[in-house]
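What follows is a single structure, written as structure tokens, with notes after it.
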């Protein structure tokens, strides 16, 4: 980014100021062009967040919500052991999913970037990996049922092989199926940024490593992984935030038997307890933003695109 | 060409397993949607039939899925067009490094990483409190944009980071106005990437669930309708629906990729004419 800008930037001051006044000012023109984006983000992102923060201090009866200033939603939230358990479960899902998607995503990206020599095959295989991203998550979750169910393919196969006598009960509607679905849905968010970063690695660096006597493993650990870190960070941001903010995968894949923070919020919404849902949402948002803030210290997103 | 190392073959197997993992379940429900009339949600197949696809076309069996499909399609097109236009404008704006652009950028990133249910809840609350009607084409539309626009913007960043500014300089030197430069030089050059932005805009909207959940109002979009079905439909009709919508997504993706391919071909042909005279 910096070098592109370095090339682009001198033009503006180099051109003598032309007539046209404010429209020639890059700040004014910039904001005019960015106005639609700004409008959407303010109306549908900033305002809703502000609204949630306000409502989190309101009170609720069974039928309506009452404007007030009360801390009872937060008192209840922080006073309940359920909250801590659910937040812990949310972190657990995020951590396990992150580790699995990282290993799988890195391996797939590494294969595509360094082992496929023909560019057209590389593009084709990359598309094979990305296409599921453009299809429905809900349908992709549903499609695990015939596989994992009590009489599903997995159990039938294992029984016919004689590995087990009784069908395994923990395949569907368990932590296992929740994490499996997360990995299935979100590994792509690791593959794409890691692949993108790997494609920018100068191949002569790998040759230099080999000429210097490094074996394959040493090249991987000392050359490829350090250079791929920005991609890993971007993928991590995607996967961690998607898993932490999720409520539907956990609900569907656990058959409503497991909980994470997102489900806590959606349950409150279902009961029309908006202030309590809003308070939980505020805490979730702060948690996610802190995690992102930490991760962003390791990467400059704009530079990596 | 040098000999393939052993790691190549190991990784090829790994990659093949990954692809199987990605597509296997989808293929499974594809097969099971042809389940015979007496068959259930899992194997074995009890005959092969189109029974469940026929069921889809009978309103009483599955509710209003065709209405939901029409709404999702219309919303997808609205989001697609808006995403392309707004992302290009914002992309052009960010090149100018205007004061405050950093803040706007981080706002867009926040929009991407914020838990979807917050957008859904917040927009729903605002519309209710302001007395506005919650409708898929207003509140739903805006909520979906908070998901598609950051993707569009990131793609525009990637595009403009690789954009050769000397084309613009050349246009300006020839006396083109700012608008002519954009319309006749910049936009044609970045056109293939805009198809990519359009693909993201449409498909992300068409499949969006969480941000639409509390903002669609009384008329469901297709993903909401499908989710509703998971709780009360226990026949393979849901596989038939899943298979059809997935096929529809594949067709849409195919059309967009084909458009990019055709554009690349035409460009290559036009490029080869250069310098040969007309």
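Protein chains in written order, with UniProt numbering: chain P, 1 to 305; chain C, 1 to 278.
Just so it is clear, CB atoms sit at the ideal spot from N, CA and C, and this is done for glycine as well.
It should be emphasised that the depicted structure is a prediction, and the values quoted were computed from it without experimental measurement.
One question on the structure: do residue i and residue j come within less than 7 angstroms of each other, judged by their Cβ atoms?
i             : j             : result
residue 72/C  : residue 243/C : no
residue 242/P : residue 186/P : yes
residue 235/P : residue 96/C  : no
residue 269/P : residue 259/P : no
residue 118/P : residue 148/P : no
residue 139/P : residue 246/C : yes
residue 219/C : residue 147/C : no
residue 194/P : residue 114/P : no
residue 134/P : residue 203/C : yes
residue 101/P : residue 198/P : no
residue 40/C  : residue 49/C  : no
residue 205/C : residue 79/C  : yes
residue 63/C  : residue 134/C : no
residue 159/C : residue 109/C : no
residue 275/P : residue 65/P  : yes
residue 69/P  : residue 57/P  : yes
Roughly how many angstroms lie between the CA atoms of residue i and residue j, to the nearest whole one?
i             : j             : result
residue 261/P : residue 214/C : 17 angstroms
residue 11/P  : residue 32/P  : No answer about residue 11/P holds up, because its pLDDT of 42 lies below 50 and its placement is not dependable.
residue 124/C : residue 117/C : 10 angstroms
residue 59/P  : residue 132/C : 22 angstroms
residue 91/C  : residue 153/C : 6 angstroms
residue 278/C : residue 194/C : Low confidence applies to residue 278/C: its pLDDT is 41, below 50, so where it sits in the model is not reliable, and the reading given next is rough at best. Straight-line Cα distance between these residues: approximately 30 angstroms.
residue 156/C : residue 46/P  : 23 angstroms
residue 142/P : residue 168/P : 19 angstroms
residue 61/P  : residue 273/P : 8 angstroms
residue 262/C : residue 127/C : 44 angstroms
residue 279/P : residue 287/P : 13 angstroms
residue 320/C : residue 181/P : Past the boundaries of the shown model lies residue 320/C; chain C is included only from 1 to 278, so the question cannot be answered.
residue 152/P : residue 29/C  : 12 angstroms
residue 201/C : residue 149/C : 8 angstroms
residue 266/C : residue 129/P : 27 angstroms
residue 122/C : residue 251/P : 21 angstroms
residue 264/C : residue 192/C : 8 angstroms
residue 162/P : residue 144/P : 23 angstroms
residue 13/C  : residue 6/C   : 11 angstroms
residue 255/P : residue 237/C : 20 angstroms
residue 43/P  : residue 244/P : 24 angstroms
residue 173/C : residue 166/C : 10 angstroms
residue 291/P : residue 297/P : 10 angstroms
residue 306/P : residue 215/P : There is no way to answer for residue 306/P, as the model of chain P reaches only from 1 to 305.
Assuming the contact rule is C-beta atoms closer than 8 angstroms, residue i and residue j should be a hit. Round their C-beta distance to whole Å, please.
i             : j             : result
residue 168/C : residue 177/C : Their Cβ separation, rounded to whole angstroms, is 12 angstroms, which puts residue 168/C and residue 177/C out of contact at 8 angstroms.
residue 122/P : residue 131/P : Between residue 131/P and residue 122/P the Cβ distance is about 15 angstroms, and since that is not below 8 angstroms, they are no contact.
residue 143/C : residue 119/C : 5 angstroms
residue 53/P  : residue 282/P : 6 angstroms
residue 145/C : residue 40/P  : 5 angstroms
residue 125/P : residue 115/C : 32 angstroms between Cβ atoms; not a contact.
residue 223/C : residue 209/C : 4 angstroms
residue 201/P : residue 227/P : 5 angstroms
residue 237/P : residue 113/C : 6 angstroms
residue 97/P  : residue 179/P : 6 angstroms
residue 21/C  : residue 75/C  : Their Cβ separation, rounded to whole angstroms, is 31 angstroms, which puts residue 21/C and residue 75/C out of contact at 8 angstroms.
residue 42/C  : residue 146/P : 5 angstroms
residue 302/P : residue 105/C : 7 angstroms
residue 18/C  : residue 108/P : 5 angstroms
residue 264/P : residue 86/P  : 5 angstroms
residue 94/P  : residue 240/P : 5 angstroms
residue 198/C : residue 256/C : 7 angstroms
residue 221/C : residue 68/C  : 6 angstroms
> Closer than 8 angstroms, Cβ to any Cβ of chain C: which residues of the stretch 140–173 of chain P, in chain order?
Replying inline: Those residues of the stretch 140–173 of chain P that come within reach of chain C (Cβ to Cβ, closer than 8 angstroms) are 140, 142, 143, 144, 145, 146, 147, 149, 151, 152, 153, 156.
> Relative to chain P, which residues along the stretch 74–92 of chain C have a C-beta separation below 7 angstroms, given in chain order?
Replying inline: Residues passing the 7 angstroms Cβ filter: 86, 89, 90, 92.
> What are the complete beta strand (DSSP E) segments, minimum 3 residues, inside the stretch 67–100 of chain P?
Replying inline: As far as the stretch 67–100 of chain P is concerned, it has no whole beta strand (DSSP E) run of at least 3 residues.
> Which residues, in order along the stretch 120–152 of chain C, keep a beta-carbon less than 8 angstroms from a beta-carbon of chain P?
Replying inline: Going along the stretch 120–152 of chain C in chain order, one finds 121, 122, 123, 125, 126, 129, 142, 143, 145, 146, 149 with a Cβ nearer than 8 angstroms to chain P.
> What residues in the stretch 92–111 of chain P have a beta carbon less than 9 angstroms from any beta carbon of chain C?
Replying inline: Listed in chain order, the positions of the stretch 92–111 of chain P with a beta carbon within less than 9 angstroms of a beta carbon of chain C are 104, 107, 108, 110, 111.
> Quick one, which residues of the stretch 62–74 of chain P are near chain C if we go by CB-CB under 7 angstroms, in chain order?
Replying inline: If you check each beta-carbon in the stretch 62–74 of chain P against every beta-carbon of chain C, none falls closer than 7 angstroms.
> Between the stretch 97–111 of chain C and chain P, which residues of the former have a C-beta closer than 8 angstroms to a C-beta of the latter?
Replying inline: The residues in question are 97, 98, 99, 100, 101, 104, 105, 107, 108, 109, 110, 111.
> Which ranges would you report for the alpha helix (DSSP H) in the stretch 144–220 of chain C if only whole runs of at least 4 residues count?
Replying inline: As far as the stretch 144–220 of chain C is concerned, its whole alpha helix (DSSP H) runs of at least 4 residues are 166–173, 178–181, 187–207, 210–213.
> Which parts of the stretch 50–102 of chain C are runs of the beta strand (DSSP E), unbroken and 3 residues or longer, counting only runs that do not cross its ends?
Replying inline: DSSP assignment within the stretch 50–102 of chain C yields no whole beta strand (DSSP E) run of 3 residues or more.
>> Using a Cβ-Cβ cutoff of 7 angstroms, what residues of the stretch 187–202 of chain P are near chain C? List them in chain order.
In response: Residues of the stretch 187–202 of chain P that bring their beta carbon within less than 7 angstroms of a beta carbon in chain C are absent altogether.
> Taking Cβ-Cβ distances below 9 angstroms as the criterion, which residues of the stretch 233–251 of chain P are in contact with chain C?
Replying inline: Within the stretch 233–251 of chain P, the qualifying residues are 237, 238, 240, 241, 242, 244, 245, 246, 247, 248.
> For the stretch 275–302 of chain P, which residues have a beta carbon sitting closer than 8 angstroms to at least one beta carbon of chain C?
Replying inline: Taking a C-beta cut-off of 8 angstroms against chain C, the contacting residues of the stretch 275–302 of chain P are 277, 278, 281, 284, 285, 288, 289, 292, 301, 302, listed in chain order.
>> Under 8 angstroms, CB to CB, which of the residues in the stretch 31–57 of chain C have a partner in chain P?
In response: Within the stretch 31–57 of chain C, contact with chain P at the beta-carbon level (separation under 8 angstroms) is assigned to 32, 41, 42, 43.
> For the stretch 185–199 of chain C, which residues have a CB atom closer than 8 angstroms to at least one CB atom of chain P, in sequence order?
Replying inline: Hits within the stretch, in order: 199.
> Which residue spans inside the stretch 199–250 of chain P form an unbroken alpha helix (DSSP H) run of at least 4?
Replying inline: Along the stretch 199–250 of chain P, the alpha helix (DSSP H) occurs as fully enclosed runs of 4 or more residues at 203–211, 216–219, 225–245, listed in sequence order.
> Name the residues in the stretch 10–28 of chain C whose C-beta lies less than 9 angstroms from a C-beta of chain P; which are they?
Replying inline: Answer set for the stretch 10–28 of chain C: 11, 12, 14, 15, 18, 19, 21, 22, 23, 24, 25, 26, 27, 28.
>> Just to confirm the assignment: which complete beta strand (DSSP E) runs, minimum length 3, are found wholly within the stretch 99–155 of chain P?
In response: Taking only runs of at least 3 residues, no beta strand (DSSP E) segment lies wholly in the stretch 99–155 of chain P.
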